[in-house]
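Each residue of the sequence shown is one higher than the last, beginning at 1 in the UniProt record's numbering.
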Amino acid sequence: MWQKFPLKNQKKNQKEKKVFHTISIWLTLTLAVWRYIAVAHPARNHEWCNMRTTLSAILSGYLICPLLCIPLYLTFSIQPSVDAKTNATYYVVNLSDVGKLNNDLLKDINFWVSPPRSVPV
């Protein structure tokens with residue numbers, strides 16, 4: 001399965017890191033849109049990018065991104081695994097019990113519906 005890989009020397013707060021990573025992507029894309037507006041529409045820049053729209057864009061990122069990560073919370077679980085040779089603890093991403101229900105339906109929904117992500121941070 002494409003989601004199985006070891007996370008060596010990682011803490012158990014991987015799910016929170018995914019949320020913050022998604023928020024940072026949201027804010028980066030927001031900044032890219034604002035830059036495009038400033039270059040392509042300089043006359044309307046002050047009208048479209050005022051303090052109210054700025055605060056609403058930032059706040060919506062902090063509110064919507066945790067909602068976008070709910071399928072990840074339900075589909076996957078992070079389980080510790082100890083390597084006998086090196087005595088190192090690895091954290092492995094596997095399907096959770098909820099993700100295994102109904103012939104991995106939640107995994108498939110998460111794959112096709114969730115925003116694209118590369119490797120968890």
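Glycine included, every Cβ here is placed at the ideal spot set by N, Cα and C.
- Scanning A40, L29 and L74 for the CA closest to the CA of D104 turns up L74.
- As a beta-bridge residue in DSSP terms, F76 pairs with L95.
- With respect to the C-alpha of H21, the residue from R35, I64 and M51 having the closest C-alpha is I64.
- P71 places its beta carbon less than 9 Å from that of N110.
- CA-to-CA, the gap between S81 and K100 works out to about 20 Å.
- D97 is positioned such that its CB atom lies closer than 9 Å to that of S77.
- Short of 8 Å from the beta carbon of L106, and not among the five residues preceding or following it, lie these beta carbons of its own chain, in chain order: P71, L74, T75, V98 and G99.
- Rounded to whole angstroms, K18 and C69 show a C-alpha spacing of 8 Å.
- Ranked by how close their Cα comes to the Cα of V93, the residues Q79, N87, K85 and D83 have Q79 in first place.
- Between the alpha carbons of S24 and T86 lies a distance of about 35 Å.
- Counting along the chain, R52 sits inside the alpha helix (DSSP H) bounded by residues M51 to L68.
- In the structure shown, the three-state DSSP call for A43 is coil.
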